[in-house]
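Protein chains: 2
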Amino acid sequence: MLNLDISKRVNYSTRDRVYEVLRENIISLQLEPGRSISEKEISEMLKVSRTPVREAFVKLTQEKLLEIYPQKGTFVSLIDLHHVEEARFIREHLERAAVRVACETFSKEYIIQLESNLHMQKISVEEKNYAKLFELDENFHHTIAIGSEKELIWTVIQHMTTHLNRIRMLSLAANYNWDLILLQHERIIEAIKKQEPDEAEKAMEEHLKKLTFEQEELKKEYEKYFK
Amino acid sequence: MLNLDISKRVNYSTRDRVYEVLRENIISLQLEPGRSISEKEISEMLKVSRTPVREAFVKLTQEKLLEIYPQKGTFVSLIDLHHVEEARFIREHLERAAVRVACETFSKEYIIQLESNLHMQKISVEEKNYAKLFELDENFHHTIAIGSEKELIWTVIQHMTTHLNRIRMLSLAANYNWDLILLQHERIIEAIKKQEPDEAEKAMEEHLKKLTFEQEELKKEYEKYFK
DNA sequence: CAAAAAATACTACCATACAAGTATACTAAT
DNA sequence: ATTAGTATACTTGTATGGTAGTATTTTTTG
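So the protein sequences, as listed, match chains A and B. One point on numbering: in our numbering, the residue at position 14 of the first sequence is 14, and numbering is uninterrupted. Plus 1000 on top of the position in the second sequence (first one is 1) and you've got our numbering.
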């Protein structure tokens, strides 16, 4: 059921290991939105005391992945579509700004990283390895942020897009138009190489506007997951 | 020394009250960057047990206001100038995007709010009430975010700009060119009223680019506060 | 006197016990 | 059968004691 492999993780504290395990299970929808989840339940599953579980709960509440109601219970937060759209809006504008910077300051090293990433994306499309594609896609955008020395932007996006990522999990990966996405990635790389900020921003804008899913269909199908 | 007025706050839990007290004291620099701060110390000061203090520490660590070193100690985080500039960058681009939306969707109600806010700003300048000006300034930008239905943007900015706000505390408020700032606010309102997104964005850009302080001077004067 | 070693005093971490509030199941009275 | 009241089984919140690791101070030793 749940991925509870707590032992192999490298973090020092039990609290952080519990946090990571729960976070992954929430985003991957192993822990369903709206599901009740108690300190006792998790502490018994993971064979640790309630204290580190509580502290992990506090962190996850701050990220709006959990909602704690004192003396009542704790619940995996429902997906808020308005929240999702705002997160997409934020992501779009931050990455548009970042890619402009990239056109000015990007070093060759990072361009090579992007190109090899894109190469692997093409292979993954042929292999229909969608999990790997998700990962490469994340890595592609992260690299742009790092290369622009705007690491914090990626941190913000990661925090903002938890709801967005849960929707991406709902939507079948096979439904994505990966050919188009790869074309867009290529266009972004070209613009960075040619140092054309306007072109790069435009490409990024088109790329991230596409993230609006068939939300209404999803909401009908998985009604109980939504607010 | 510290503002430890824990009792009057409305939040339910001790944890949240401790969190708020500490947060305010860190941002206002009552708790100096680099200062050592232990669970025991705070729990005795506030006369609560160590548990809620720990949980408040976890929250503050996530906001990068504290740094916990297991078995060693907990310290108020130093101000990272690169971090500050990235936060400013993020703020600038998010607010530029928000104010464009404002030009399209802003209701009359919010325009009135902005205008009355600006009016109070003028009074506060005459009275040289700089604390009030800070508050009004925050409120001005918050209103734009709310009116654009981009509440989340303001949440992000609040989280991002804790380091920035600590620098603002260092810098003497009297040094601000409030006349210029008020002119810029006026220009922003005008652009929203006339529904001219380009003009609004430009005004906002100029406004938020000014936030780069005399950082190097501050760093010399308060060297121990910086990373 | 100086350097190494041991003792002591810290730290955050975790487990546990109890407290306070809430929801549910059960019982009794109408 | 229905409803009101009560008991019980939950929940999260807080306090406390012990643990393991670290830093400092004291003692010992060369």
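Ideal placement from N, C-alpha and C gives every residue a C-beta, glycine not left out.
Would you say residue 1090 (chain B) and residue 1166 (chain B) are within 8 Å of each other, going by their C-beta atoms? Annotated as distal: residue 1090 (chain B) and residue 1166 (chain B), with beta-carbon spacing of 8 Å or more.
Going straight from the alpha carbon of residue 1060 (chain B) to that of residue 1066 (chain B), what length do you get? Their Cα atoms are separated by approximately 6 Å.
Could you check whether the segment 1090-1106 of chain B touches the segment 1138-1155 of chain B, counting it as contact only if at least three pairs of C-beta atoms, one from each stretch, sit closer than 8 Å? Flag = yes, the segment 1090-1106 of chain B and the segment 1138-1155 of chain B touch.
Which residues of chain B have a Cβ atom closer than 7 Å to the Cβ of residue 39 (chain A), listed in chain order? Those within 7 Å of residue 39 (chain A) in chain B number zero; the least Cβ separation is about 12 Å.
Closest to residue 1088 (chain B) by CA distance: which of B:1157, B:1187, B:1127 is it? That would be B:1157, whose Cα lies nearest to the Cα of residue 1088 (chain B).
Mind listing the chain B neighbours of residue 62 (chain A)? Cutoff is C-beta to C-beta under 9 Å, in chain order. For residue 62 (chain A), the chain B residues whose C-beta falls within less than 9 Å of its own C-beta are 1058, 1059, 1062, 1063, listed in chain order.
Just checking, does the segment 1011-1028 of chain B make contact with the segment 1044-1060 of chain B on the three C-beta pairs under 8 Å criterion? In short, these stretches touch, since the Cβ pair count reaches three.
Of all the options B:1057, B:1020, B:1212, B:1130, which has the alpha carbon lying nearest to the alpha carbon of residue 995 (chain B)? Residue 995 (chain B) lies beyond the stretch modelled for chain B, which goes from 1001 to 1227, so this question has no answer here.
Bridge partners of residue 1076 (chain B), per DSSP? Under the DSSP definition of a beta bridge, residue 1076 (chain B) partners with B:1066.
Out of A:43, A:186, A:44, A:30, which one is the CA nearest neighbour of residue 206 (chain A)? Out of A:43, A:186, A:44, A:30, A:186 has the C-alpha closest to the C-alpha of residue 206 (chain A).
If contacts are defined as beta-carbon pairs under 8 Å, then residue 1117 (chain B) and residue 1140 (chain B) qualify, I think. What distance do you get, rounded to the angstrom? Indeed they touch by this definition, with Cβ atoms about 5 Å apart.
Please state the DSSP three-state secondary structure of residue 1043 (chain B). Looking at residue 1043 (chain B) - three-state DSSP - the assignment turns out to be helix.
Taking residue 103 (chain A) as the reference, give the member of A:209, A:215, A:203 with the closest Cα. The residue among A:209, A:215, A:203 with its C-alpha nearest the C-alpha of residue 103 (chain A) is A:203.
Cutoff 8 Å: residue 110 (chain A) Cβ touching any chain B Cβ: So, not an interface residue.
Anticipated Cβ contact below 8 Å, residue 147 (chain A) with residue 106 (chain A), distance rounded: Contact between residue 147 (chain A) and residue 106 (chain A) holds: their C-beta atoms lie close to 5 Å from each other, under 8 Å.
Which residue from B:1024, B:1068, B:1044 puts its Cα closest to that of residue 1034 (chain B)? Per the Cα distances, B:1068.
From residue 63 (chain A) to residue 25 (chain A), what distance separates their C-alpha atoms? Using only the alpha carbons, I get a separation of about 14 Å.
Looking at C-alpha atoms only, which residue of A:125, A:81, A:132, A:123 is the closest neighbour of residue 212 (chain A)? The residue with the shortest Cα to Cα distance from residue 212 (chain A) is A:81.
Contact belief for residue 53 (chain A) with residue 39 (chain A) at Cβ below 8 Å, rounded distance in angstroms: The beta-carbon separation of residue 53 (chain A) and residue 39 (chain A), rounded to 5 Å, stays under the 8 Å limit for a contact.
Spatial neighbours of residue 161 (chain A) within its chain, please: C-beta separation below 7 Å, excluding the five flanking residues on both sides. Within its own chain, the residues whose Cβ lies closer than 7 Å to the Cβ of residue 161 (chain A), once the five positions on either side in sequence are excluded, are 87, 91, listed in chain order.
For residue 1038 (chain B), the first and last residue of its enclosing alpha helix (DSSP H): For residue 1038 (chain B), there is no enclosing alpha helix (DSSP H), since its DSSP letter is neither H nor E.
8 Å is my cut-off, CB to CB: does residue 215 (chain A) come that close to chain B? No, no contact with chain B.
Given a cut-off of 8 Å, decide if residue 1083 (chain B) and residue 1163 (chain B) are closer than it, judged by their beta-carbon atoms. Closer than 8 Å, so yes.
What number of angstroms, rounded off, separates the C-alpha of residue 1129 (chain B) from the C-alpha of residue 1121 (chain B)? Straight-line measurement puts the Cα of residue 1121 (chain B) at about 9 Å from the Cα of residue 1129 (chain B).
Is it buried or exposed, residue 189 (chain A), if we count other Cβ atoms within 10 angstroms and call 16 or more buried? Within a 10 Å sphere around the beta-carbon of residue 189 (chain A) sit 16 or more other beta-carbons, which makes this residue buried.
Check the Cβ-Cβ distances between residue 1152 (chain B) and every residue of chain A, and say whether any is below 8 Å. So yes, residue 1152 (chain B) belongs to the interface.
DSSP has residue 1089 (chain B) in a bridge; who is on the other side? Within the DSSP secondary-structure output, residue 1089 (chain B) pairs in no beta bridge.
Which residue comes first and which comes last in the alpha helix (DSSP H) that contains residue 1155 (chain B)? Per DSSP, residue 1155 (chain B) belongs to the alpha helix (DSSP H) from 1151-1160.
Beta-carbon neighbours of residue 1087 (chain B), restricted to chain A and to distances below 9 Å: In chain order: 152.
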